[in-house]
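Novice:
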Amino acid sequence: MRPSIVTAGLIMVWCLTTTMGSRAFSADDAAIVSQAAPVLDVVTLKDGSVIHGEVIEMTGGLLVIKSALAADLIKVKWSEVSKIAVSHPIPFHLKEGTILNGTVEEGEPRTMKVKAGPTGDTMTVPMDAVTQVNPVIQSPVIYTGSINAGYSQSTGNSSLRNISVVGDLVARSEQLRLTLLGRYVYGDNSGSLQVRNGRGTIKLDFFI
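The letter at position 82 of the sequence shown is residue 290 when you use this note's numbering, and the numbering goes up by one with no holes.
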């Protein structure tokens with residue numbers, strides 16, 4: 209009888225150990241899956257609607273959000289956003305020219321808490337002070353221009369020669385546009401001057 213009792217005891221211990229090990233493995237597995245789940249950005253609108261996804265950018269007053277629940281990018285007016293939380297660092301451009309690169313936590317309606325800088329300091333920023341979020345980087349000044357030249361000559365009873373040159377240059381930044389226009393015309397008949405004049409204009413546009 210005694211050997212049978214010992215065998216039963218070993219079987220009970222082995223079964224208990226196997227069950228505990230299985231439970232511990234399942235708990236670790238769940239923790240790994242939970243940590244791997246990405247943290248989504250959250251955008252809350254004034255009407256109470258909540259959008260979960262990834263904030264892509266905000267330019268021209270439109271906030272662009274990528275969501276797994278929508279085939280196309282979601283676009284909402286920045287003025288309709290009440291609260292926002294962004295988990296990945298992106299640049300926020302302010303009206304006075306400051307650029308804050310960091311993550312965002314929800315604040316009071318129409319405000320946000322930006323964690324920026326190497327120290328991760330948090331500052332409250334009004335949403336109305338933000339002009340752009342993660343915009344596409346463009347050259348500070350974009351130049352375009354053209355130049356056209358023409359020459360004609362005819363001989364016979366008279367010898368006519370005409371020359372004309374027309375050119376333009378446009379320099380465009382985010383808020384300024386400079387336009388230069390120029391024209392030159394020359395004409396003579398057998399060496400006798402018939403026409404010679406030039407004209408140039410300068411125009412500066414300012415965009416608010």
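Positions of the beta carbon are idealized from the N, C-alpha and C atoms, including for glycine.
1) Taking the DSSP output, what are the residues bridged to M266?
2) Would you decide whether D249 is buried or exposed? Buried here means 16 or more other CB atoms lie within 10 Å of its CB.
3) If we ignore side chains and look at the alpha-carbon of each, how far apart do L388 and S290 end up?
4) Grab the span of the beta strand (DSSP E) containing S362 for me, first residue to last.
5) Is DSSP giving E316 helix, strand or coil here?
6) Confirm, please, whether the CB-CB distance from V251 to I292 is below 9 Å.
7) Are the beta-carbon atoms belonging to G390 and G406 less than 9 Å from one another?
8) Going by C-alpha to C-alpha distance, which of E313, Y351, E382 and I350 sits closest to P334?
9) Quick check on the DSSP output: the beta strand (DSSP E) that includes M335 runs from which residue to which?
10) What does a CB cutoff of less than 6 Å around D396 pick up in its chain, not counting 5 residues either side in sequence?
11) Touching or not, the stretch 336-343 and the stretch 257-275, by the rule of three or more beta carbon pairs under 8 Å?
Specialist: In terms of the structure at hand:
1) Sequence index remark: in the sequence shown, residue 266 carries index 58 (1-based). DSSP output for M266 lists L271 and V341 as bridge partner(s).
2) The residue given as residue 249 occupies position 41 in the sequence shown. The residue is buried, with at least 16 neighbouring Cβ atoms inside 10 Å.
3) Taking the first residue of the sequence shown as position 1, residue 388 is located at position 180. Taking the first residue of the sequence shown as position 1, residue 290 is located at position 82. The alpha-carbon atoms of L388 and S290 are separated by roughly 45 Å.
4) As a first step, residue 362 is located in the sequence shown; it is residue number 154 there, counting from the start. Start and end: I350 to S362.
5) Taking the sequence shown and counting its residues from 1, one reaches residue 316 at position 108. It is coil, neither helix nor strand.
6) Here the question's residue 292 lines up with position 84 in the sequence shown. Here the question's residue 251 lines up with position 43 in the sequence shown. Annotated as proximal: I292 and V251, with beta-carbon spacing under 9 Å.
7) If you number the sequence shown from 1, residue 390 lands on position 182. If you number the sequence shown from 1, residue 406 lands on position 198. Their beta carbons are under 9 Å apart, which means G390 touches G406 by this criterion.
8) As a first step, residue 334 must be located in the sequence shown, where it is residue number 126. Checking every option, the nearest Cα to that of P334 belongs to E313.
9) The sequence position of residue 335 within the sequence shown is 127, counting from 1. From DSSP, M335 is part of no beta strand (DSSP E); its letter is neither H nor E.
10) Taking the sequence shown and counting its residues from 1, one reaches residue 396 at position 188. Around D396, the same chain offers R369 and Q402 as residues with beta carbons nearer than 6 Å, after the five sequence neighbours per side are excluded.
11) Yes, the stretch 336-343 is in contact with the stretch 257-275.
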